[in-house]
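Engineer: Chains as they are written, first to last, in the UniProt record's numbering: chain A, 1 to 982; chain B, 1 to 982.
Protein chains: 2
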Amino acid sequence: MKKWVYLFEEGYREIPAERRRDLLGGKGAGLAEMAGAGLPVPPGFTITTEACNAYFAAGRQFPEGLWEQVLEALHRVEEKVGRRFGDPQNPLLVSVRSGAKFSMPGMMDTVLNVGLTDETVKGLIAQTGDERFAYDAYRRLIQMFGRIVKGIPGERFEHILDRYKAKTKGKQDTDLTAEMLRDIVEEFKALYRKELEEEFPQDPLEQLRQAIRAVFDSWFGKRAVDYRNFYKIPHDLGTACNVQTMVFGNMGFDSATGVAFTRNPATGEKELYGEYLPNAQGEDVVAGIRTPLKITKKASQEWAREHGISEEERRLRYPSLEERMPETYQQFLEVAALLERHYRDVQDLEFTIERGRLWMLQTRTGKRTAKAAVKIAVDMVHEGLITKEEAVMRVEPEQINQLLLPRFDEKAKERAREKGDLLARGLNASPGAATGHAVFDADTAEAWGRDGRPVILVRPETTPDDVHGMIAARGILTQRGGATSHAAVVARGLGKPAVVGCEALQIDLERKQFSVNGRVIREGDFISIDGSTGEVFAGQIPTIDPNLAEERELAELLAWADEFRRLQVWANADYPRDARKAREFGAEGIGLARTEHMFFEADRLPYVRQMILNAPEAQRLMDQLRAAQQAAQARPDDPKAQKALREAERAVRTSKAVKAYRKALDRLLPVQRKDFEGLFEAMDGLPVIIRLIDPPMHEFLPRYEELLAEVVELRTRIEERRKIKGYRPRKGEKSIRQMEEELAEKEALLRAVNALREMNPMLGLRGIRLGILYPDIIRLQVRAILEAACNVKRRGITPKPEIMIPLSADVKELQIVREIVDEVAREVMAREGVEIEYKFGTMIEVPRAALLAAEIAQVAEFFSFGTNDLTQTVWAISRDDAEGKFLLRYLEEKIVPENPFQVLDRKGVGRLMRMAVEEGRRTRPDLEVGICGEHGGDPSSIEFCHEIGLNYVSASPYRVPVARLAAAQAALKERAARIETR
Amino acid sequence: MKKWVYLFEEGYREIPAERRRDLLGGKGAGLAEMAGAGLPVPPGFTITTEACNAYFAAGRQFPEGLWEQVLEALHRVEEKVGRRFGDPQNPLLVSVRSGAKFSMPGMMDTVLNVGLTDETVKGLIAQTGDERFAYDAYRRLIQMFGRIVKGIPGERFEHILDRYKAKTKGKQDTDLTAEMLRDIVEEFKALYRKELEEEFPQDPLEQLRQAIRAVFDSWFGKRAVDYRNFYKIPHDLGTACNVQTMVFGNMGFDSATGVAFTRNPATGEKELYGEYLPNAQGEDVVAGIRTPLKITKKASQEWAREHGISEEERRLRYPSLEERMPETYQQFLEVAALLERHYRDVQDLEFTIERGRLWMLQTRTGKRTAKAAVKIAVDMVHEGLITKEEAVMRVEPEQINQLLLPRFDEKAKERAREKGDLLARGLNASPGAATGHAVFDADTAEAWGRDGRPVILVRPETTPDDVHGMIAARGILTQRGGATSHAAVVARGLGKPAVVGCEALQIDLERKQFSVNGRVIREGDFISIDGSTGEVFAGQIPTIDPNLAEERELAELLAWADEFRRLQVWANADYPRDARKAREFGAEGIGLARTEHMFFEADRLPYVRQMILNAPEAQRLMDQLRAAQQAAQARPDDPKAQKALREAERAVRTSKAVKAYRKALDRLLPVQRKDFEGLFEAMDGLPVIIRLIDPPMHEFLPRYEELLAEVVELRTRIEERRKIKGYRPRKGEKSIRQMEEELAEKEALLRAVNALREMNPMLGLRGIRLGILYPDIIRLQVRAILEAACNVKRRGITPKPEIMIPLSADVKELQIVREIVDEVAREVMAREGVEIEYKFGTMIEVPRAALLAAEIAQVAEFFSFGTNDLTQTVWAISRDDAEGKFLLRYLEEKIVPENPFQVLDRKGVGRLMRMAVEEGRRTRPDLEVGICGEHGGDPSSIEFCHEIGLNYVSASPYRVPVARLAAAQAALKERAARIETR
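And the structure:
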């Protein structure tokens, strides 16, 4: 016969530690271990997760032997406690609680006080001498049983309770008298009868059986299923069911109940941290009706100071457990220390004191803030409790990110609170802090954002139509929606702070404003949101960038991580300030400096436009000249060829386009050179990968549609005004002649922009293709890079430039560009008299480049995976279009387990990467391979990069620490797996 | 010592047949073989291609031993002929001719009459007794030597010649007297001296040495290099050099020269076909100054009939060789038959008759028209000359295509000629015939083309900016450019007829017209072009579609091909008429029926638009309803859930969008069903793969930019008119109110279109993604397919529908859609009471689908490679943007050897295909795999599809025969390779 049921101490003795959570669930395993360690645990037993699965497999029937084993275990508990289940004199009461392998707080069901009936309630009165307590316990059982086991809507019980409360003076639960509670019990039983057409079961065993079934059933309740889907917990784990002797913290003032952490879960300080309530049940602590008291004296005193409460008053009205029950407190301290040592981690404890006696109800690993997680891990290493490897494995890389996100200056935030600027609190859906102008629609957000104004997008709720505005905004604030709402999911995806479900806001989209508690915020007014706390403020609160040096423990943890990791961590940085930040965060190189971002700066955009608008014509003439030169050289005595050459020379010499093109390039050279000097200085001695121009040219030009609208408008206006005889412009209006001049200019620009428009710019004329059509642009950039390197080298700095070509798909493209690069480099170095070592490499961001890696590595000295574009092409999904239009739906329908633009798609994109690494290295064993897509900062993706043997990942500066930790964890996991398979 | 030089008969004896062309070149091998067979060949020798390569390797120096071997061989020739080189009494004269492995007509150089000097010319006079002949030969030598060996511009010689000709009565070469020619020789020598500051070499051996060098040098002449680049002939083959005794067809009327084919190269008829000129040299035949005569009497008589020449006159003035020299003719007939038998193929012969004696100068495989190629191959099988396999391998698949292209009705064309409508002749750059309105710019071509009007785009020359117009046009006509011009290359790529370089046209773009010989064609006038002949006609000439049944030999050849091929050939066809054509051409199934083409038809486009514009809102409401239903079902006693369900139901019931959406779907069902019935009927018993809706929805809507312009124009007009006090619309103008109504309507449409616009539609919401968002559209299509199948089955037809899903990238997408498909199919079959077998499969057109083929094959029963999209994504190249903007440049720079959209890129796209086939079949061994991209009709791509084991290729109907032949050739090549490696 299969063993379905384990007494707590049996669980400890009979089940090996590594199987305990699987079989007994988290709560059951904790109880078993506490019982096994001889700690004071109310006796009880656990029904295994296997029993739960067998129950569902049999079509919601108890498997064979289960009930008998329950009865047997119950009997053993009766013996231990010295009470009998259903005994009218001295009844045993039990709780029936779910407990799965992974904590699913509030998602599954619990029934307390099982065993109370019209008969046994009398025994309870006899035992406790407290009629009020006994009837209160009984009405709680009927209420919970009715609601949870039988599905009677909870408000129907509440309604009755409210009626009685209304009769009392204080209108509170605690004001109900014993008589009232007895009447309530009767009314509850009547309600039960009416709802279900059956009596509330008076057989305690029947109560138990049904409660166990309800716990099992709750595993597939909607909330639980949704929760598991969201947190990706498998549905076949099943839940265990814990049946445990009830102990009562509400048996008078020598009783209490409480929760505690063995260390401070907010700061990580090594101090017992917790609260208790005298004469109360566990649910009262959670319900928050009474103010819980602090456990330690120190914490109690601090609390009183904060609330302006005198020491006398505190000792009288708010004494700590340490002061109130010094002996029990000492015992609890010892138990807590023992459990932390046993588990080698911070414990989250639940306890009850019943008439002076301490009972431990639960121990589990304590959840903690990012800050605490780091401090605790580091402290425990220093205490000799855990190893450095364990410390590194203990902290979630994503948590670190929180520590390093911009946050509000605490003092400024405090001042805002004092000024009454705290408007409301919503759900802290995506961490970080942001401040900006409130705007109420996505288009405005986008427009203002384009103008460089910081905005917070405020919406009742967001839909895919708002995504372009969310991208442009610094933060998102919504009135409706929860942690899995569109706004929350998208904001986390975008890495932007978001506060959602802030129901206090009254948003008026028509008038573009919201009001909250009578205060009105209009479009353009400054607001500030804290996505880590859910707070919403009026006005501007300055944000501060965290500093790694000040986060001492984090720096220490990361230093340990660096010892373990094999992957290097580089950073994506376009400007010297970003490079410096990245280096401060531990970056060992720049994996991607995008030169085109520099082109957008106001001081150079006009020249960039001049370059682009003249490039096609100028290049055409120069190509003709080159062809004519070749022809004339091949046929030196052919007069036609000589004549054609002279004509081509003249065409180039007299062309306005060539002149403007060359002038633009000349103007851009010194500014680009200066950009690169700054990067080399910041990264002195470390490699800097500079990517040559990548985006399609029209990105630098005015938008076609806007120009078109302007042209049509002007044209129509001219037409209309011409119809008016003797038309004269009014004040402020332009003359027709002026308008016509303007029109001609705009039409010319429109034509030029139109010539550069593309159906699918992602797949169009960009990257290396631009370089092949317009080699002078590449020459300009390479010259700027090499001249910058020469300049800084003369100043004693060691530049290590690596020149990277985007979007290559064939080795021949790279051969052509490499010749240009090497030629320009030789020229510059000869002229400057300085020798610079540089590398030449390519992005691998087109599937074909990955497929032909062996050939491409003949010319490229390094590869850098551009996984953003590679994901777009491998999936044939344009990120711009998909995220708003259908990717969300794909996530909902689980067609994709994660957004492939955030978490690397190992099966598709990853497979190509693996092939490219292997085949590229076969050609060139010392090939340097890295990744510079956004995935370079994602822990799961970093793990994969480690697996396939990349040299480095390159992440945005703020994610460098995350990447360092993730890389170390990948290495440690691999080591563990190796040891296991040995 | 390496042997560089072979006497002709030595070449036959000493070099194995399969090495002969490599070493001796085509001409040299032919001479060797003719000499070896004992045919009358003027004695001579060949300098090998190896010598040529050694010459270049040594920096244009004769390799060691070469000159000595030349002298030795020359000596042997002297002995044979009985004359001595440089002998003042009886001089030997030789020709020095290039001859590479592959024929490069006119691309390389020849020097004749080498060995003539001031001394030896006298010997020639003595030999021939013809002073005029001798000086003419001498002046030809100086002229050719000066021009070809020394690079003196040819016109300088012509200029002198012209001066003398002007003095004569007839103004012709032949009118020059012996004295004149002697003077010309002196003037030529003087010119030579003046140009080069040296004397014309009087040492015959020096002439020979320099002529050989010139032949070698011409291998890297510009024309030759360009030619090889165009035809993809390697540059390292080198040319051989043939030195051969001169024979003269111009030694009086018992001499002649001519060319002949052993069969008619135009029709393939088995009859000697050729022309000769009495008393003439080879170059005279080519120059076309005198009208050549026919060789056979029959041909001569026919020619006379055509030209209205009486039999008497013919016999007198235009006698055939058969009549003029019956014996020599007989000898020639025998030689020709012997050579054809020897080479087992049609031979193209050059011969000279010197004083009654026949000399064979050249034999080579005869070029022939497509029609002739097919007939000759088939006839030769029937004659027992070659095997069926050889016949199948003899015909280029692309040639077949010509036979099946639309062509002009010959009689109509003849009538047009008679009417004087033949305007001009240009270069036949891309075969096929087209008729349409002349238009002079690409935008008009596109606009008219969109309206369904046939147009011919006429341009001075084309550039990438014209490509959109070329796509829209039926044919292309240019004034300038050659076979490798932009117009020619692009037209061939597009498979459109083109006549280029038609210099007779005078195009006036300003006035949108062209004139030719005084006749003016204006925009909109009909013209007709024949891209196979280069003819340009005024007016409309009806085109006819060829019929395979009438092409008896072709049908026979294809039937043999069918015996050998392993690949099936299916067709891409959207309409029943195309399906019927495909079946007639031998298609064994429909590999791709695009349902969306059907959506564009005028009778349904309004409903399609209605469907699209209402789909987002309707689907949103229906999704809400579905969610509410699930929630209500899960919580039957939750009043909130019930209320939400009722609200969702009401929303769907009252929504205009839902109503319009459903109505549109209802309207589309019967028309789609009818479409499918037609396809099933046409393909009775054969598989029909129907692809569900694929393109982005906005393709069915008006263009955004046009709508935007209309809206802005209206808005501005309203604004302007409002400014006018007391404004009243003039006649024909709308009132402001009317304009406002129109504006509101257009604005609504603009918003809807805008919501569907995408940055990169190629990578956007299309294909299966549409199906997942709007499952009702899929349901509609599947219902139409299954109902159609049921209907035709009841009529005794066997429908074999296969339902194909486009753009899938993950197996989960397919699972979702497959459930819908199967559910609808079950429903329809149950309702109709008919059982239909259908398959479910997917396109593989996204790299990820290929990478995950093993998983995808779990759900898909067939794969069809969509290599158009796969090429776009593997290369990250949008075809729309690239072909105009940079792909041409990539072809020029040889970055891509061929346009990857025409010839499958085996390394990139092909590698993914190979992986997908292997891994897909590992999951599902009977997986049906085919290709439906354009590559399915390209012979090289078909060969690759055969190699990787596809089941079928699917090509456009007109290319089905091409594909049948290509598939057979692939199988035969594989067989040959297997035999070789054994």
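Cβ coordinates follow ideal geometry from the N, Cα and C atoms, glycine included.
Looking at the structure shown, is Val929 (chain A) part of a helix, part of a strand, or coil, going by DSSP?
Structural biologist: What you label residue 929 (chain A) is simply residue 929 of the first sequence in a count that begins at 1. Strand at Val929 (chain A).
Engineer: Compare the beta carbon distance of Val962 (chain B) and Glu398 (chain B) with 8 Å and say whether it is the shorter of the two.
Structural biologist: Position 962 of the second sequence, counted from the start, is the residue given in the question as residue 962 (chain B). Position 398 of the second sequence, counted from the start, is the residue given in the question as residue 398 (chain B). Yes, the pair counts as a contact, with Cβ atoms nearer than the cut-off.
Engineer: Cα separation between Asp530 (chain A) and Thr462 (chain A)?
Structural biologist: Within the first sequence, numbered from 1, the residue matching residue 530 (chain A) stands at position 530. Within the first sequence, numbered from 1, the residue matching residue 462 (chain A) stands at position 462. The alpha-carbon atoms of Asp530 (chain A) and Thr462 (chain A) are separated by roughly 18 Å.
Engineer: Would you verify that the beta carbon of Val114 (chain B) is, or is not, closer than 8 Å to some beta carbon of chain A?
Structural biologist: The sequence position of residue 114 (chain B) within the second sequence is 114, counting from 1. No, no contact with chain A.
Engineer: Quickly, what does DSSP pair Thr239 (chain B) with across the bridge? List them, please.
Structural biologist: Locating residue 239 (chain B) in the second sequence gives position 239, counting from the first residue. Beta-bridge pairing links Thr239 (chain B) to B:Ala100.
Engineer: List, in order along the chain, the chain B residues whose C-beta lies closer than 9 Å to that of Ile772 (chain A)?
Structural biologist: Here residue 772 (chain A) is taken as the residue at index 772 of the first sequence, counted from 1. Neighbourhood of Ile772 (chain A) in chain B, by CB distance below 9 Å: Phe886, Arg889, Tyr890, Glu893, Ile895, in chain order.
Engineer: If we define contact as Cβ-Cβ less than 8 Å, is Asp675 (chain A) a contact residue for chain B?
Structural biologist: As a working mapping, residue 675 (chain A) is identified with position 675 in the first sequence. No, Asp675 (chain A) lies away from the interface with chain B (no Cβ there is under 8 Å from its Cβ).
Engineer: Quickly, what does DSSP pair Thr842 (chain A) with across the bridge? List them, please.
Structural biologist: Translated into positions along the first sequence, residue 842 (chain A) becomes position 842. Beta-bridge analysis with DSSP links Thr842 (chain A) to A:Ile805, A:Phe863.
Engineer: For Lys167 (chain B), does the three-state DSSP call read helix, strand or coil?
Structural biologist: In the second sequence, counting from the first residue as 1, residue 167 (chain B) sits at position 167. Here Lys167 (chain B) sits in helix by DSSP.
Engineer: Taking 8 Å as the threshold, find out whether the stretch 64-80 of chain B comes into contact with the stretch 386-394 of chain B through three or more Cβ pairs.
Structural biologist: no
Engineer: With DSSP collapsed to three states, give me the class of Phe585 (chain A).
Structural biologist: Working through the first sequence from its first residue, we reach residue 585 (chain A) at position 585. Reduced to three states, the DSSP call for Phe585 (chain A) is coil.
Engineer: On the criterion of 16 or more Cβ atoms from any shown chain inside 10 Å, does Arg21 (chain A) qualify as buried, or is it exposed?
Structural biologist: Here the question's residue 21 (chain A) lines up with position 21 in the first sequence. So Arg21 (chain A) ends up on the buried side.
Engineer: In the stretch 574-656 of chain B, which residue ranges form an unbroken beta strand (DSSP E) of at least 3 residues, counting only runs that do not cross its ends?
Structural biologist: 590-594
Engineer: With distance defined between alpha-carbon atoms, name the residue in B:Val346, B:Ala784, B:His597, B:Arg728 nearest to Leu668 (chain B).
Structural biologist: Locating residue 668 (chain B) in the second sequence gives position 668, where the first residue counts as 1. Residue B:Ala784 holds the alpha-carbon nearest to the alpha-carbon of Leu668 (chain B) among B:Val346, B:Ala784, B:His597, B:Arg728.
Engineer: By the criterion of Cβ-Cβ separation under 8 Å, what are the contact partners of Leu912 (chain A) in chain B?
Structural biologist: Here residue 912 (chain A) is taken as the residue at index 912 of the first sequence, counted from 1. By Cβ distance, chain B contributes Pro847, Leu851.
Engineer: Could you tell me whether the Cβ of Ala266 (chain A) comes closer than 8 Å to any Cβ of chain B?
Structural biologist: Against the first sequence, residue 266 (chain A) aligns to sequence position 266. By this cut-off, Ala266 (chain A) is not an interface position.
Engineer: State whether the stretch 46-54 of chain A contacts the stretch 166-184 of chain A, with contact taken as three or more CB pairs (one from each stretch) at a distance under 8 Å.
Structural biologist: no
Engineer: Between Ala809 (chain B) and chain A, is there a C-beta pair that is closer than 8 Å?
Structural biologist: By one-based count along the second sequence, residue 809 (chain B) stands at place 809. Closer than 8 Å: yes.
Engineer: In the DSSP output, what is Asn791 (chain B) paired with across the bridge?
Structural biologist: Your numbering for residue 791 (chain B) matches position 791 in the second sequence. The secondary-structure analysis by DSSP pairs Asn791 (chain B) with nothing; it has no beta-bridge partner.
Engineer: How long is the line joining the alpha carbons of Pro702 (chain B) and Glu446 (chain B), rounded to whole angstroms?
Structural biologist: On the second sequence, position 702 is the one that residue 702 (chain B) refers to. On the second sequence, position 446 is the one that residue 446 (chain B) refers to. CA-to-CA, the gap between Pro702 (chain B) and Glu446 (chain B) works out to about 16 Å.
Engineer: Which class does Tyr192 (chain A) belong to by DSSP, given the choice of helix, strand or coil?
Structural biologist: In the first sequence, counting from the first residue as 1, residue 192 (chain A) sits at position 192. Reduced to three states, the DSSP call for Tyr192 (chain A) is helix.
Engineer: Hey, quick one: how far does the alpha helix (DSSP H) through Ala126 (chain A) stretch, first residue to last?
Structural biologist: Here residue 126 (chain A) refers to the residue found at position 126 when the first sequence is read from its first residue. 120-128 is the extent of the alpha helix (DSSP H) around Ala126 (chain A).
Engineer: Report the neighbours of Gln872 (chain B) on chain A: residues whose CB is nearer than 7 Å to its CB, in chain order.
Structural biologist: Translated into the one-based positions of the second sequence, residue 872 (chain B) becomes position 872. The contacting residues are Leu763.
Engineer: Go ahead and label Phe532 (chain B) buried or exposed: buried means 16 or more other beta carbons lie within 10 angstroms of its beta carbon, across all protein chains shown.
Structural biologist: The residue you call residue 532 (chain B) lines up with position 532 of the second sequence. The sequence shown places Ser at residue 532 (chain B), not Phe. It is buried - the Cβ of Ser532 (chain B) has at least 16 other Cβ atoms within 10 Å.
Engineer: From this set, B:Thr543, B:Asp136, B:Thr435, B:Glu719, which residue's C-alpha is nearest Leu743 (chain B)'s C-alpha?
Structural biologist: Your numbering for residue 743 (chain B) matches position 743 in the second sequence. Of B:Thr543, B:Asp136, B:Thr435, B:Glu719, the residue nearest in Cα terms is B:Glu719.
Engineer: What are the residues that DSSP puts in a beta bridge with Tyr276 (chain B)?
Structural biologist: One-based indexing of the second sequence puts residue 276 (chain B) at position 276. For Tyr276 (chain B), the pairing in a beta bridge is given by DSSP as B:Gly258, B:Leu293.
Engineer: Please list the residues of the stretch 703-724 of chain A that have a C-beta atom closer than 9 Å to any C-beta atom in chain B, keeping them in chain order.
Structural biologist: Tyr704, Glu705, Leu708, Ala709, Glu710, Val711, Val712, Glu713, Leu714, Arg715, Thr716, Arg717, Glu719, Glu720, Arg721, Lys723, Ile724
Engineer: Taking the alpha-carbon positions, what's the Leu645 (chain A) to Val225 (chain B) distance?
Structural biologist: The residue given as residue 645 (chain A) occupies position 645 in the first sequence. The residue given as residue 225 (chain B) occupies position 225 in the second sequence. Those two C-alpha atoms are separated by around 20 Å.
Engineer: Counting C-beta neighbours from all protein chains within 10 Å, is the total for Gly796 (chain B) 16 or more, i.e. buried, or is it exposed?
Structural biologist: To locate residue 796 (chain B), count along the second sequence from 1; it is residue 796. Exposed is the call here.
Engineer: Where do the ends of the beta strand (DSSP E) carrying Thr110 (chain B) lie?
Structural biologist: Counted from its first residue, the second sequence places residue 110 (chain B) at position 110. Taken as a continuous stretch (DSSP letters only), the beta strand (DSSP E) holding Thr110 (chain B) covers 110-114.
Engineer: Along the beta strand (DSSP E) that carries Val712 (chain A), what are the first and last residues, could you check?
Structural biologist: Mapped onto the first sequence, residue 712 (chain A) falls at position 712. Unbroken run through Val712 (chain A) is the alpha helix (DSSP H), 704-723; no beta strand (DSSP E).
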